[in-house]
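Sequence order for the protein chains is A and B.
Take the first sequence: its position 246, counted from the start at 1, is 246 in the numbering used here, and no numbers get skipped.
Heads up, the numbering used here is the position in the second sequence plus 1000, with the first residue counted as 1.
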Amino acid sequence: MTATLPRIKLPPSTHPLAEIVHRLEAGGAMLPDTPENLMQIIGLYKAYAVPMDFYWRDLLYIGEQVFVDPFAFFKFIIPDEYLQLHNHYAGDTADLRIWRGEATAHPELLEFMQQGELKRKLPRILHHLWHDRINMEFAEECMRAMLWHRDMGGLLDPYMDSEEYRRNADRAIRAYVHGNPIMTGLYKLFPDMFMELCRQATMYAVLGLFWEIMAPVFFEMSDLYDEGKITSVPEAMNFLVNGIFAIAGRPIYHRVRIRGEWYDIVPKSKGFTWLYEAAFPYVEAVFYRTSPFRGTKSYNAQANEIPTNQLDYHYGVLYADKFPVGTAGIPPTLLHQDMYHFLPPYLVEYYRKFCRGEEDMLIQLAISFQRSMYCVTSAVIQAGRAAFLYPLDDPNPRHLAMNRRYFEGQLYRFCRPEYGIKDAARINAIQTQDYR
Amino acid sequence: MADIVDIAVGNAAFSTLVTAVKAAGLVDTLKSPGPFTVFAPTDDAFAKLPAGTITTLVQNIPQLTRILCYHVVPGRLKRSDLAAFQSINSVEGSPIDLTITEDIFEVNNATVIMPDVEADNGIIHVIDTVILMRPHWFWPIMNSFAAASAR
């Protein structure tokens, strides 16, 4: 007989989502660990990473070069230098190599940019107007959510209201409008508007730097799955947790290039980090909150259907009603359209078997995407637990009780009765495969 | 008596911390009259961080400096002084949560394994985990389900 120390166990949770609380305590994710879930989420990470490779490059271009242009008609026409820009986390030149692939734009992205869905090499403007392109509108919607829900922790939010930020911005805006009497006049007339455009440009850059990391993370996960090295949902989640820690300290900054000269708006020397000034605010603003449009329903603010406190907003992907209301201009649907072009063959095969086959592939992939984002959110919750609290196998019962309080608090965000939050959350739906 | 840096350099358990403090250029600050209260993570504490975390921080000095500054509090504060507070502001700016009872001395999620090491220019409390800033939404999330259950 071998004697082993029994692992300390807390009494069962009384939370409405107790089963999921216990799963998180055992090192699992909010998404159940099944091969079908794993295939869906990894397939969607791959399909997301290709357009994301465009998003981060164009976001940086807009933040660094389009800057405060109030008439930015061509901001989605990305210059070649940004497609050649080396990702700091992929390729031979990486600071920390996360993806074993190349540092420049992904080959599938470049191929799509050439031919589009039409598979015809037409002038880029025609592809653009036909929406046969990567739809930056989704990326901008995420940026706006972050700009609108600014106070999600971190030091960037107070910094953007500081005198130092205003000075930096003013210097860059003056250089930007220099020699252009109309723009100079506009800046004199509407200085606050330009300052707000500058904050928006900062947010473009922040989101670009955030996704610069997520794209190689998702590419690598897809490759590891294809090689048989990621075999379960918790393994996928833990890859994300480790990734979050590895690049937590990556600098978040904003600089602008005007006539060949760089101007710091948010200098690297402020010590702002990927985890605190980009990742946590992104998750809080985009996954949970965004803006009152869940897909199929209109809201009446006068009838108190919209929370008076912005912190209670709950219109993010975790609560989204994945129904095809998609006409042009509905950002999540545009994202689904973007991912549709880059689905791995095993997912296309899979979707053909269900519902109405290819007819509703956009909805099916949207729901797989929602599952994949529940996995990413699980990783963020576990990373938060590891950063702020205790290991899952901590021998101290008081520490385990703190972990439970944290998990129960996080999951309560999907159970709150106010404003129909409980009914909107899709956490119960993703527990089975019937939801597709 | 030795200063904070001398004590850390003289103890083999702090080699990672000493390397980090040197890389961040904080040696002169921590040798200055201060006084400072330093929560000093051991090598074992740093080793608990997942691979890559330190590499990224060492590549980015202002970010490393910020994390280190979160481990420093102005003033000379012994355990008995800290016991009066639930949290205390770090040099980084974010608060550090304190749990201090007769048999518990914890800062955030770290346990103080050796309190009240006296230096010329301050006090060192040795901790078993690198502490990281808790965002402002941490406690509202921790309290939300308990508050709802109580209602």
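The beta-carbon is built from N, C-alpha and C at its ideal position, and this holds for glycine as well.
Quantities reported herein were computed from a predicted structural model and do not represent experimental measurements.
Subject >> Whether L347 of chain A touches G63 of chain A by CB criterion (7 Å) >> reply: no
Original post:
Any C-beta of chain B sitting closer than 7 Å to the C-beta of T327 of chain A?
Top reply: Confidence in T327 of chain A is poor, its pLDDT being 45 and thus under 50, which makes the residue's placement unreliable; the coordinate value appears in the next sentence. By this cut-off, T327 of chain A is not an interface position.
Original post:
Looking at the C-beta of T1056 of chain B, does it have a partner C-beta in chain A at a distance below 7 Å?
Top reply: Yes, its Cβ sits closer than 7 Å to a Cβ of chain A.
Subject >> When B:M1133, B:I1124, B:P1135 and B:L1132 are compared against N1011 of chain B, the one with the closest alpha-carbon >> reply: B:I1124
**OP:** Taking S1144 of chain B and G409 of chain A to be in contact with their CB atoms under 8 Å, please state how far apart those CB atoms are, rounded to whole angstroms.
**Re:** 5 Å
Subject >> Which listed residue (A:E235, A:V206, A:W56 and A:M152) has its alpha carbon closest to that of G375 of chain A >> reply: Reading the sequence as shown, one finds Cys at residue 375 of chain A and not Gly. For C375 of chain A, the nearest C-alpha among the options comes from A:E235.
Subject >> Per-residue DSSP class, three states only, for T333 of chain A >> reply: helix
**OP:** Please work out which residues of its chain come closer than 6 Å, Cβ to Cβ, to F1036 of chain B, disregarding the five sequence neighbours upstream and downstream, and give them in chain order.
**Re:** V1072 and G1122
Original post:
When we look at the beta-carbon of T1101 of chain B and count the other beta-carbons within 10 Å, is it buried (16 or more) or exposed?
Top reply: By the neighbour-count rule (16 or more Cβ atoms within 10 Å), T1101 of chain B is not buried but exposed.
Original post:
Is there a Cβ from chain A that is less than 7 Å from the Cβ of F1036 of chain B?
Top reply: Taking Cβ atoms only, chain A never reaches closer than 7 Å to F1036 of chain B, which makes this a no.
**OP:** Answer yes or no: does any C-beta atom of chain A fall closer than 7 Å to that of R1066 of chain B?
**Re:** It does: the Cβ of R1066 of chain B has a partner Cβ on chain A nearer than 7 Å.
Original post:
Any C-beta of chain B sitting closer than 7 Å to the C-beta of E212 of chain A?
Top reply: no
**OP:** Report buried or exposed for P251 of chain A, applying the criterion of at least 16 other Cβ atoms within 10 angstroms of its Cβ.
**Re:** So P251 of chain A ends up on the buried side.
Original post:
What's the gap between the Cα of L365 of chain A and the Cα of P331 of chain A?
Top reply: 15 Å
**OP:** Check the C-beta distance from Y55 of chain A over to Y82 of chain A and give it rounded, since I have them as a contact under 8 Å.
**Re:** Taking C-beta atoms under 8 Å as the contact rule, Y55 of chain A and Y82 of chain A fail to qualify, at a distance of about 11 Å.
Subject >> H15 of chain A: contacting residues in chain B (beta-carbon distance under 8 Å) >> reply: F1145
Original post:
Which chain B residues are close to D95 of chain A, counting only those with a beta carbon under 8 Å from its beta carbon?
Top reply: Within 8 Å Cβ-Cβ: T1056 and Q1059.
Subject >> Simplified DSSP state of E305 of chain A, which is helix, strand or coil >> reply: coil
**OP:** Out of B:K1031, B:T1056, B:A1040 and B:A1148, state which residue places its alpha-carbon closest to the alpha-carbon of I1113 of chain B.
**Re:** B:A1040
**OP:** Return the bridge partner residues of G228 of chain A from the DSSP annotation.
**Re:** Beta-bridge pairing links G228 of chain A to no other residue.
**OP:** Closer than 9 Å, Cβ to Cβ, to anything on chain B: give me those residues from the stretch 150-174 of chain A, in chain order.
**Re:** D151, M152, G153, G154 and L155
Original post:
From this set, A:D338, A:T273, A:Y340 and A:H341, which residue's C-alpha is nearest L1057 of chain B's C-alpha?
Top reply: A:T273
Original post:
What are the complete beta strand (DSSP E) segments, minimum 3 residues, inside the stretch 333-388 of chain A?
Top reply: none
Original post:
From the beta carbon of G1053 of chain B, is the nearest beta carbon of chain A less than 7 Å away?
Top reply: With the sequence shown as reference, residue 1053 of chain B is identified as Thr, and Gly is not the correct amino acid for it. At least one chain A Cβ lies under 7 Å of T1053 of chain B.
**OP:** Identify the contact partners of K270 of chain A in chain B, using a Cβ-Cβ distance below 8 Å as the criterion.
**Re:** Simply P1062.
**OP:** Answer with buried or exposed for D1044 of chain B, where buried requires no fewer than 16 other C-beta atoms within 10 angstroms of its C-beta.
**Re:** exposed
**OP:** Grab me the residues of Y276 of chain A's own chain with a C-beta within less than 6 Å of its C-beta, minus the 5 sequence neighbours each way, in chain order.
**Re:** G154
Original post:
Which parts of the stretch 1043-1075 of chain B are runs of the beta strand (DSSP E), unbroken and 3 residues or longer, counting only runs that do not cross its ends?
Top reply: The qualifying runs are 1072-1074.
Original post:
Ends of the beta strand (DSSP E) at L1098 of chain B?
Top reply: Counting along the chain, L1098 of chain B sits inside the beta strand (DSSP E) bounded by residues P1095 to I1100.
Original post:
At what residues does the alpha helix (DSSP H) containing F54 of chain A begin and finish?
Top reply: P35 to Y61
**OP:** Return no unless some Cβ of chain B is closer than 7 Å to the Cβ of P251 of chain A.
**Re:** yes
Original post:
If F280 of chain A and R1134 of chain B are in contact, beta carbons under 8 Å, what's the gap, nearest whole angstrom?
Top reply: A Cβ-Cβ separation of about 11 Å leaves F280 of chain A out of contact with R1134 of chain B under the 8 Å criterion.
Original post:
Helix, strand or coil: which one does DSSP assign to T2 of chain A?
Top reply: Low local confidence applies: a pLDDT of 44 at T2 of chain A is under 50, so the model's placement there is unreliable, with the coordinate-based value given in what follows. Coil at T2 of chain A, not helix or strand.
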